[in-house]
Amino acid sequence: VCFATVLPYGENWHNAAFNESILKEIEKYRQYAAKYGFIFVRNLHDLSLCIRGEAKGLLLHLEGMNAFCGTVADWHLLDMLFNAGVRSIGIVHTEKNFLGGGNKDSETGLTELGRKVLRWCINKGVIIDLAHMNTKTFFESARILQEYSLPLFVSHGNAYAVCVNDRNYND
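Quick note on the numbering used here: the sequence shown kicks off at 4 and runs consecutively.
Right under this line is the structure:
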């Protein structure tokens with residue numbers, strides 16, 4: 004089961020109260036996992052337990068890093084979220100941000116900061132979710148993932164040919 008934490012638009016990661024709310028949400032997921040017998044999927048061993056039917060897994064996902072601008076506090080929070088169990092990250096969520104272009108923005112590509120975050124995710128073994136990216140950011144991210152022989156992952160999206168929507172993917 005994938006549990007998503009979404010950073011609302013306009014929120015500031017540097018706000019301690021907001022950081023606490025994200026961590027409290029993760030704590031609620033931890034309580035849910037304990038109550039219903041789920042494990043947090045943190046590595047391939049945990050995933051293999053789930054695949055073999057020996058455990059029920061919960062994957063923590065961060066959907067959108069819209070306020071991440073690369074400050075020391077941002078990187079510290081990212082490390083805190085990783086330590087709390089986040090193992091999947093979508094770097095954009097609909098709007099463009101300091102990392103790249105979302106599906107509502109057709110111009111912005113992956114930024115240098117976005118490349119650094121992708122490489123941080125790759126080095127940590129964090130899944131990079133390509134959902135909500137515009138075409139340019141998507142393909143620039145895909146090239147980096149291919150450099151590392153990693154698969155492309157889109158957690159949710161549909162075929163543009165079937166349903167015309169800027170969140171969907173064309174040929």
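Just so it is clear, CB atoms sit at the ideal spot from N, CA and C, and this is done for glycine as well.
Bear in mind the structure is a predicted one, so any value in this text is a computation, not a measurement.
- Task: Quick one: residues in its chain with C-beta nearer than 7 Å to the C-beta of K99, no 5 flanking neighbours on either side, listed in chain order?
- Result: One-based indexing of the sequence shown puts residue 99 at position 96. For K99, where only same-chain residues beyond five positions count, the Cβ hits under 7 Å are G105, D108, T111.
- Item | Residues that K59 bridges to, as DSSP identifies them | Position 56 of the sequence shown, counted from the start, is the residue given in the question as residue 59. Bridge partners of K59: F41.
- Item | Same chain only: Cβ atoms within 6 Å of T140, ignoring 5 sequence neighbours per side | Within the sequence shown, residue 140 is the residue found at index 137, counting from 1. Once the five neighbours on either side are set aside, the close Cβ partners of T140 are G103, G104, G112, L113.
- Mind checking which residues open and close the beta strand (DSSP E) that includes F6? For this step, residue 6 is matched to residue 3 along the sequence shown. Start and end: 5 to 9.
- Query: In terms of alpha-carbon separation, which member of L148, R90, G128, H96 lies closest to R118?
  - Reply: Position 115 of the sequence shown holds residue 118. Nearest C-alpha to R118: L148.
- Query: Under 7 Å, do H159 and H96 count as touching if we go by C-beta distance?
  - Reply: Stepping through the sequence shown from its first residue, residue 159 is reached at position 156. Stepping through the sequence shown from its first residue, residue 96 is reached at position 93. Taking a C-beta distance under 7 Å as the contact criterion, H159 and H96 do not qualify as a contact pair.
- Would you say L116 and I131 are within 7 Å of each other, going by their C-beta atoms? Along the sequence shown, one-based indexing puts residue 116 at 113. Along the sequence shown, one-based indexing puts residue 131 at 128. Not a contact, by the Cβ cut-off of 7 Å.
- In chain order, which continuous runs of the alpha helix (DSSP H) of length 4 or greater are located wholly inside the region 68 to 148? 75 to 86, 115 to 127
- Cα-Cα, which of K31, R45, N46 is closest to Y39? Counting from one through the sequence shown, the residue named residue 39 turns up at place 36. The option with the nearest alpha carbon to Y39 is K31.
- Item | Length of the line joining the Cα atoms of F156 and F41 | The count along the sequence shown starts at 1 and reaches residue 156 at position 153. The count along the sequence shown starts at 1 and reaches residue 41 at position 38. If I take the Cα positions, the gap works out to 23 Å.
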